[in-house]
Structure formats: structure tokens, C-alpha cells
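Note that my numbering gives residue 892 to position 222 of the sequence shown, counting from 1, and the numbers run on in steps of one.
A virtual CB, placed ideally from N, CA and C, is assigned to each residue, including glycine.
Here's the structure, in C-alpha cells; my notes come after.
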Amino acid sequence: MKNLLILITLFLLVFVSCDNQKSKNSFKEGEIAITLGGEPRTLDPTLNSLSFGSVYMIHFFEGLTKKDSSDNVVEGMAESWDISKDGLKYTFHLRTNAKWSDGKSVIASDFEYAIKRAANPETGASYSHMLNVIKNASLVISGKAKVDDLQVKALDDYTLEIVLENPAPYFLEYISVSSPYFPVRKDIVEEFGDEWSRKPETYIVNGPYIMTERKTDEKIVMEVNPNYYAKDEIIAKKITVVIMSDSNTALAAIREGTILFSYLEAPMGEIPTLLKENYLLQERGYGIFFLEMNTLKGVLTNKNIRRALAIAFDRNYIISNVIKMDQIPAGAFVTTGMKDYDGGDFRKNGGNYIDVDNYQNNIEEAKRLFAEAGYPNGEGFPVLELRSTPGYFTIICEAIQEMYKDNLGIDIFIKSEEYNTTYQAMVQKDYDLARSGWNADFSDPMSVLNFFSKTSAVNHTGFANDEFYSLMEFASKTQNQKERMEALHKAEDILFDYMPVIPLIYKLNPYMINPKLNGVVFSPLGRYRFNYAYIEK
């Protein structure tokens, strides 16, 4: 009898243990959980300026075009379009069965309103520069023309006309992922103001998902939009986005099975193990990690100091011994993989501005520049503050900090904090050095250099150069591809003569993923889609 009681007890313990494990690691059919990072600064497509924010945008909204499950540009809210012979006028014909999440029809004036709202300087849209391809956009954004001068017009409820400044072969791809081109309802914005995108009941959207629940700093729940015209094609019926800022916390959740994907970079010390266990996804994209320098403040107003800081550390050492992945050291700003006019690689044709393979010579040059600036061996140089985010980036910064001390004799204080805190400090120019990153919005060098465009709201370095702006404007207008690419090379030359940033590495994004999660659509532009995601049984 005693033995029987022991066996029953053991059975119950195993049963309870298995049941608890099941509750942690199982999802209902069509449900997944992921993390995209910390609390999004905004879910308003007009105001979004963050890469992970763009992932939210392409799930809640849909533009005139969209990307399919193979990352190809296809029809979105527009079922067809006509392009004039000169490549300047696009006439989009909207679907008559496209609905907002509250059942109202999506009409052309919704797009006209949203695009003009993004161009209006009073809106303060960080990504308004994405509209510069439209005729009169740069004038409107700079306040030199009226908002209604922007060449976007609803011809009727289901016909939208957009006139470009110059032909842009990338335009259809551009509007598929660039949220300033996504529609927004005027009546909703006017009734609820800034609050409209913060609550499920007022967050009226037109994309594949609606927001059914939101708990600040905890989670955002997406479920299939019952009014979406292609709702039957969606596999992931419910996506719970868990708010996390720490990569170690995300890793623990991945291993436990409570989330299946993390947009946060994997903890560096775990990368070799994660690779072996098939829990790491490495996606090379059109992006770059770098440090922004406040060129308007203190010693960083000196170009030679900025140059010295950019060359006084070993990128290859950091890649081999700190990151331990197949990263590419960045000696320029435009990423690898972008095509030049001759079909070659823009980066290879242009070469590097920092010789990433000649570390010893770089150290000698950095020391000379410091001495010429009045700081031999770092004597008298002030302590600079480097703002970073916890985890992946801070570990890179710590390696740079140590090399600065060894090579230049200077001290750097690393302040690890939430990115939103860093961003606000950068906006207010209350920083010395700060971690940053940029993803291209379309497959062209101009998209990378647009970070420094005249109307860019994401460049906080203080860099401003009329010749750079003129070259960028020329490149946006000319139809001669050779002259266009030559202008972009010259623009990058000017950028690195000024040296407002410290390029670190070209992005090879180390995302954590449960090997059983399939169907995620990955993109070198960083806009990942989970519409077709499912758990392999």
C-alpha cells in the first residue's frame, strides 16, 4: 500500500510538471508570441521613425503596394496603377472592397490626407524626408510652400494621383514599406488627437491586423482584421508582442517557449551556443551600426578629434573576439550589397574612408591628430559620455572604451539606458556620443545617405552641408545613372570629410528564433512580417 501511494504521488508530480510545461510552451492553433523590443514610441504611421516600429506598421497598416510572402512588391490597397511615359505621374486605382477596421471604406482621400499630414512641418514627422520624391515635397516640408501644393490628389473615391519630382524606379517598393505613405483616417485623428493610436478602441487601421489589447510596458496583442480583404490568406491569427528591452530576458523567454522570436539582438556571450542549437537567425541587411557624434559640443567640434575617435579602435578584433559572428567592419556609411551604375558593388567601387585592416597605422594617425589638437597622449582631454542600450551594443562600446584608453589615453563613460531615453537626449543635443543605426528604405545608396538629408529628423549630429544637399538633390533628379552614382559617391566623400559619425559594422542581425517557428518573411530592409508564421508540429 505504501509503495502504491509513492507511485501515485510520483505520477501526480510528473503530470503536474508536464501540465505546467505545456502551459508555458504550447500555443493554440494560429497563435504566436514574439518580442520586437521595448515600448514603441508611437504606433502612428506618420510619426514612426524606428526600425522595430516599422514592423508594427506593416502589420497594422497597408499602403498602395505591399510585399508578399516572397518579399516581392505586389498590389496592396491599390489593385492596379498606371505610370506616365515620363515616369512622373502615378495613378493608383484602389480596391473597392478595402475596408478600415471599423467597416468604413478605404478611399483615396485617406491617402491624400495621410501623406500631406506627414509633409506638414507642423506635424513634426521624423520620416518626412521619405516624401521628397513627390513634387514640391521638399518645399512643403521646409515651410516654403503650402501643404496643398504637394502633388498628391484624390481624383475620386478610388483614384489617387501622385506626381513625382523625378522618375524613381524604386517608388513602388518604397511606398510598400514606408509608413508616411500609409493611410490615416482624418476623422479619427481630429477627434482623438495624439491619443488615437494608443488605445485599441480608437486605433482604426486598414492592414491585416487590429490591436485587441495593449498594456503599456507589458504587451500589444494583434488579431486578424475581420474587415481585411485578404484575411483568409493570413496564417498567424493572433500575435502577442511582449514588451522586452533586455536581450537576456528575451533569450530566457525563447528557451522557455513563452516567445518564439526576438527582434532584440542576441546576448553576445550566448551566440556560439545559440548557433549550435539552431536558435539564432543571422540576416544580412542594408543596414549599419554606428555612433553619432554631437559635432556642436565641446571637443567634438574639432574635425580632427572626430576623425581620431573614428579610427582609434580595431573593428576586426571586436567582430572576432566580442561579437563572434560573420560581420563586416564598416569603413564608410553606405552598406555593402548596394549596386553602382556599372552593376558592381557601390561600396567596393567607392572604397573605405577608414582603413579597417590597418589598425596600427590608424593608431599612429589618431595619436598625431590628438597631439595636433592639443591633447598629446590624451592629456587634458575631457571625459566623454557615450549613451548606449543594454546588452549587445553596450558590450561593443565597452571594447571601444578600452581601446580608447589604451591607444589615446582617454576615458569614456558609458551610460546604458533605454533607447527612448537616448533618443530624447539626442533630439535635445544633450549628448556627446550615442549608439545609432540605420536601415535602408529601398535598395539604393541614396536611401542610406538619406539619413543626412536636409529634411531628415533622425540626424542629430549637427552635420549640415549645402554641397552635400545639392549632390543629393541632383542624384534624385537625374536620369543618367552614371552621373547619379558619381554624385552619391561625392556626397559620401563630403560626409567623411566632416566626420559626424563613427561607422562600426554593417548589420548582420543576430535575431533569436525558436527553430520550430516557420513562415516568417525576412527582408534586407528589416521589415519582417509574421502574417504567414506558424509553429511546426
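Asked, Found
"Using alpha carbons as the reference points, say which of Ile941, Gly957, Ser1146, Asn1022 lies closest to Leu950.", "Ile941"
"Pull the bridge partners of Tyr1181 from the DSSP assignment, please.", "Glu935, Leu951"
"Buried or exposed: which applies to Ser693, given that a residue is buried once 16 or more other Cβ atoms fall within 10 Å of its Cβ?", "Residue placement at Ser693 is poorly supported in this model, since its pLDDT is 38, which falls under 50; the coordinates are not used for a value here."
"Apart from the five residues just before and just after Met963, which ones in its own chain have a Cβ nearer than 8 Å to its Cβ?", "Leu970, Arg976, Leu979, Asp1102, Leu1103, Thr1131, Met1169, Pro1170, Val1171, Ile1172"
"Would you kindly check if the distance between the Cβ of Gly1196 and the Cβ of Gly877 is under 8 Å?", "no"
"Go through its chain and collect everything with a Cβ distance to Tyr1198's Cβ below 7 Å, but skip five positions before and after it.", "Val725, Val1190, Val1191, Phe1192"
"Who does Trp1108 pair with in a DSSP beta bridge?", "Ile958"
"Can you list, in chain order, the residues of its chain with a C-beta nearer than 7 Å to that of Ser846? Leave out the 5 residues immediately preceding and following it.", "Gly733, Thr735, Lys736, Lys737, Val743, Gly746"
"Using 8 Å as the Cβ pair cut-off and three pairs as the minimum, do the region 790-804 and the region 833-851 touch?", "yes"
"Identify, in the order they occur along the chain, each residue of the same chain with its Cβ nearer than 7 Å to the Cβ of Ile1065, setting aside the five sequence neighbours on each side.", "Met938, Val992"
"Give a yes or no on whether the C-beta atoms belonging to Phe1133 and Ala1161 are separated by under 8 Å.", "no"
"Hey, could you find the ends of the beta strand (DSSP E) Arg1057 is sitting in?", "1054-1058"
"Quick one: which unbroken alpha helix (DSSP H) runs of 4-plus residues sit fully inside the region 1008-1042? Chain order, please.", "1016-1020, 1029-1042"
"In chain order, what residues of the same chain have a beta carbon less than 6 Å from the beta carbon of Asn790, not counting five sequence neighbours either side?", "Val817"
"In three-state terms, what does DSSP make of His1130?", "coil"
"Determine the DSSP secondary structure at Gly707, reduced to helix, strand or coil.", "strand"
"In chain order, what residues of the same chain lie with their CB nearer than 8 Å to the CB of Lys769, ignoring the 5 residues before and after it?", "Ser775, Val776, Asn876, Asn897, Tyr898, Tyr899"
"Ordered along the chain, which non-local residues of its own chain (more than five positions away) have a Cβ less than 6 Å from that of Ser808?", "Asn802"
"Indicate the three-state DSSP secondary structure (helix, strand or coil) for Met1169 in the structure shown.", "coil"
"Please state whether DSSP places Asn986 in a helix, a strand or coil.", "helix"
"Go through its chain and collect everything with a Cβ distance to Ala1002's Cβ below 8 Å, but skip five positions before and after it.", "Arg1017, Gly1020, Gly1021, Asn1022, Tyr1023, Ile1024, Glu1162, Phe1166, Pro1173"
"Going by the beta-carbon positions, is the gap between Ala906 and Leu921 smaller than 8 Å?", "no"
"Using a 10 Å radius around the Cβ and a threshold of 16 neighbouring Cβ atoms, would you call Lys786 buried or exposed?", "buried"
"If I follow the unbroken beta strand (DSSP E) through Met881, where does it start and stop?", "879-885"
"So, Lys759 versus Glu831, is the Cβ gap smaller than 8 Å?", "yes"
"Skipping 5 residues on each side, what residues in its chain have a beta carbon closer than 6 Å to that of Gln691?", "Residue placement at Gln691 is poorly supported in this model, since its pLDDT is 36, which falls under 50; the coordinates are not used for a value here."
"Going by the beta-carbon positions, is the gap between Glu893 and Ile880 smaller than 8 Å?", "yes"
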